[in-house]
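Take a look at the structure below.
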Amino acid sequence: MSTSISRRQLLGSVAAGSAAAVAAPFAQAACSNVPAKWDETTDVIVIGTGFAGLMAAYEVRKAGAECIVIDKMATPGGNSIINGGIMCVPGNDFQKKDGIEDSPEAMAEDMLKAGLNLNHRDKVKTVCEGALPAYRRLIDEFGVQWKLNTHEGGHRVPRSALTANGSGSEIVRKQLAALEKLGVKPRLRCIMDHIILDDAGTAVGLEVREGYRFGREESGRKKFIRARKGIVLAFGGFCADVEYRKMFDPNLDENFQSTNHPGATSEGIREANAIGAQLIQCDWLQCLPYTSPDEKGFGIAWTWTGATSSRGFWFDAATGRRFVNELADRKIRSDAIIAHLREGHDVLAFGDSKTAKIFEDMRPGMLERILKAGVCWKFDTLEALEKAYSIPKEAFEKTIAEVNESVTTKKDPLGRRVNERLQTLTDGPFYVTRISPKVHHSMGGILTTPKAEVVSIRGGIIPGLYAAGEATGGVHGAVRLGSCAVTDCIVNGSIAGREVAKRG
Numbered sequence: 004m005s006t007s008i009s010r011r012q013l014l015g016s017v018a019a020g021s022a023a024a025v026a027a028p029f030a031q032a033a034c035s036n037v038p039a040k041w042d043e044t045t046d047v048i049v050i051g052t053g054f055a056g057l058m059a060a061y062e063v064r065k066a067g068a069e070c071i072v073i074d075k076m077a078t079p080g081g082n083s084i085i086n087g088g089i090m091c092v093p094g095n096d097f098q099k100k101d102g103i104e105d106s107p108e109a110m111a112e113d114m115l116k117a118g119l120n121l122n123h124r125d126k127v128k129t130v131c132e133g134a135l136p137a138y139r140r141l142i143d144e145f146g147v148q149w150k151l152n153t154h155e156g157g158h159r160v161p162r163s164a165l166t167a168n169g170s171g172s173e174i175v176r177k178q179l180a181a182l183e184k185l186g187v188k189p190r191l192r193c194i195m196d197h198i199i200l201d202d203a204g205t206a207v208g209l210e211v212r213e214g215y216r217f218g219r220e221e222s223g224r225k226k227f228i229r230a231r232k233g234i235v236l237a238f239g240g241f242c243a244d245v246e247y248r249k250m251f252d253p254n255l256d257e258n259f260q261s262t263n264h265p266g267a268t269s270e271g272i273r274e275a276n277a278i279g280a281q282l283i284q285c286d287w288l289q290c291l292p293y294t295s296p297d298e299k300g301f302g303i304a305w306t307w308t309g310a311t312s313s314r315g316f317w318f319d320a321a322t323g324r325r326f327v328n329e330l331a332d333r334k335i336r337s338d339a340i341i342a343h344l345r346e347g348h349d350v351l352a353f354g355d356s357k358t359a360k361i362f363e364d365m366r367p368g369m370l371e372r373i374l375k376a377g378v379c380w381k382f383d384t385l386e387a388l389e390k391a392y393s394i395p396k397e398a399f400e401k402t403i404a405e406v407n408e409s410v411t412t413k414k415d416p417l418g419r420r421v422n423e424r425l426q427t428l429t430d431g432p433f434y435v436t437r438i439s440p441k442v443h444h445s446m447g448g449i450l451t452t453p454k455a456e457v458v459s460i461r462g463g464i465i466p467g468l469y470a471a472g473e474a475t476g477g478v479h480g481a482v483r484l485g486s487c488a489v490t491d492c493i494v495n496g497s498i499a500g501r502e503v504a505k506r507g
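Start counting the sequence shown at 4; every next residue gets the next number (the working numbering).
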């Protein structure tokens, strides 16, 4: 008997998953910590100033409700503002221009394949069907500008729109500007300590500290803020928190850097769990395969590494050979790179002058930046490159020949989709960056309903509590495909904002 699922079935029906999880609630435990006096009252409190939190706050204000947005850091944006600026959008303008056929169903199939079918199908359906409308809203309502379409690993076709400045800051700054016009300016250096529940188990407010300074954990002045309608948890993931992430994956210890901003820590998700929020899939943590060991954090070398994944190639310097499909999903690539690094080998991302020209067109001025930063190296000849890294000449030049042949045959020996912009790699100068994966994204988090309501460990929901973005789990399963996070945050942040604004 066949167990295959048609595209119509995939997006036309919602698996029991999240909906069943909230069908039969148990009684909430009495856990009231309501203060005798509130210091301030509003309709909605949003925690976090990334894509999801800002989108939620925007929806709240558009619905006419009051809103306070808080963030523990001194600057807004979290990981979103340093994001690579790519949003997964089947049917985007650039696809249409290039004649690329795509659909929400195809995107869903790719997400489920990468996610090992651990994704909650209702959540995948929501993100995929909401992608194009969300992209249009960012253009029409916020003025976000895009410049081209890119091909991220694990996607069958290029479907990732790149912002005009090549960064998530293009979106965040436009969101902040739109919110300011609606009378909302995030309160920075304001950390959430406790989610306050009443006797019925309803989220009614927060205990926060204003004037908090990250790294000085006792800093700040205590304050109680009441939320008449509810609270949106959009505090992001926890990949910068080594001790917490080691609880779920002991392999990702102190030897692994993170791409995340320093504030991507665990106090938010710990508090949510402490008041009864159901957590799922937190042991699925993603490493980004593009990053360099020659700089801290996310850095900038990834821009070149990413470009060469479809317009150059990656190889082991000790063997001169490719070892992975550079457009496979992030886990496949990261695991393959780490295996070679453990052998003591350098892994390099390689491209020639034609690769560099395309790269410059995508990200003007970036090549000069990464060269000056000492995270990319330029060689006039192959011989100079081979000498610098002790690369076996015959094996390496055979690798180049195989890649060049794939430009003609459209068949790659490692199964990589041959990008229409890939050209033969023949002309110097040649450029390489070193690659070493860093911890990047937590696929797991808080379980939510299709309305972004937080599911309780006792069954049912926690009334008044909503969540969106990387703080949640279930969308991506085992592996998140690149550029799907922005789509997830914009789509589900909007849902959370609309739903909380409806509450009485």
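Where a beta carbon is used, it is the ideal one built from N, C-alpha and C, also for glycine.
Residue 47 is bridged by DSSP to 70 and 233. Annotation: the continuous beta strand (DSSP E) that includes residue 466 extends over 464-470.
Between residue 355 and the set 406, 504, 326 and 142, the nearest pair of CA atoms involves 406. Rounded to whole angstroms, the gap between the alpha carbons of residue 221 and residue 215 is 8 angstroms. Within a 10 Å sphere around the beta-carbon of residue 148 sit fewer than 16 other beta-carbons, which makes this residue exposed. Ranked by Cα distance from residue 262, the first of 359, 426, 281 and 296 is 296.
Put simply, the backbone Cα of residue 474 is about 11 angstroms away from that of residue 270. The Cβ neighbour count for residue 256, taken over all protein chains shown within 10 Å, is under 16; the residue is labelled exposed. Of the other Cβ atoms in all chains shown, 16 or more fall within 10 Å of the Cβ of residue 114; this residue is therefore buried. In the three-state scheme derived from DSSP, where H, G and I count as helix and E and B as strand, residue 285 is classed as coil. Between the region 70-78 and the region 485-497, the count of Cβ pairs shorter than 8 angstroms is below three; the stretches do not touch. In this structure residue 232 is in contact with residue 504, their Cβ atoms being roughly 7 angstroms apart against a cut-off of 8 angstroms. Per DSSP, the unbroken alpha helix (DSSP H) holding residue 305 starts and ends at 305-314. Secondary-structure assignment with DSSP links residue 149 through a beta bridge to 166. Secondary structure of residue 208 (DSSP, three-state): strand. The straight-line gap separating the alpha-carbon atoms of residue 335 and residue 435 is approximately 21 angstroms. Nearest to residue 81 by alpha-carbon distance, out of 265, 321, 211 and 392, is 265. Residue range 193-200 is occupied by the beta strand (DSSP E) that includes residue 200, with no alpha helix (DSSP H) assigned at that position. Listed in chain order, the non-local C-beta contacts of residue 37 below 7 angstroms within the same chain comprise 199, 201 and 207, local neighbours out to five positions each way being set aside. In the DSSP assignment, residue 131 falls within the unbroken alpha helix (DSSP H) covering 124-143. Per DSSP, the unbroken alpha helix (DSSP H) holding residue 410 starts and ends at 396-412. Counting only residues of its own chain and dropping the five nearest sequence neighbours on each side, residue 118 has a CB closer than 7 angstroms to the CB of 479, 480, 481 and 482.
Straight through space, the alpha carbons of residue 272 and residue 457 are spaced by roughly 12 angstroms. As a beta-bridge residue in DSSP terms, residue 451 pairs with 457. Here the region 383-402 makes no contact with the region 271-286; the two share fewer than three CB pairs at distances below 8 angstroms. Around the beta-carbon of residue 383, fewer than 16 other beta-carbon atoms lie within 10 Å, marking it exposed. As a beta-bridge residue in DSSP terms, residue 475 pairs with 449.
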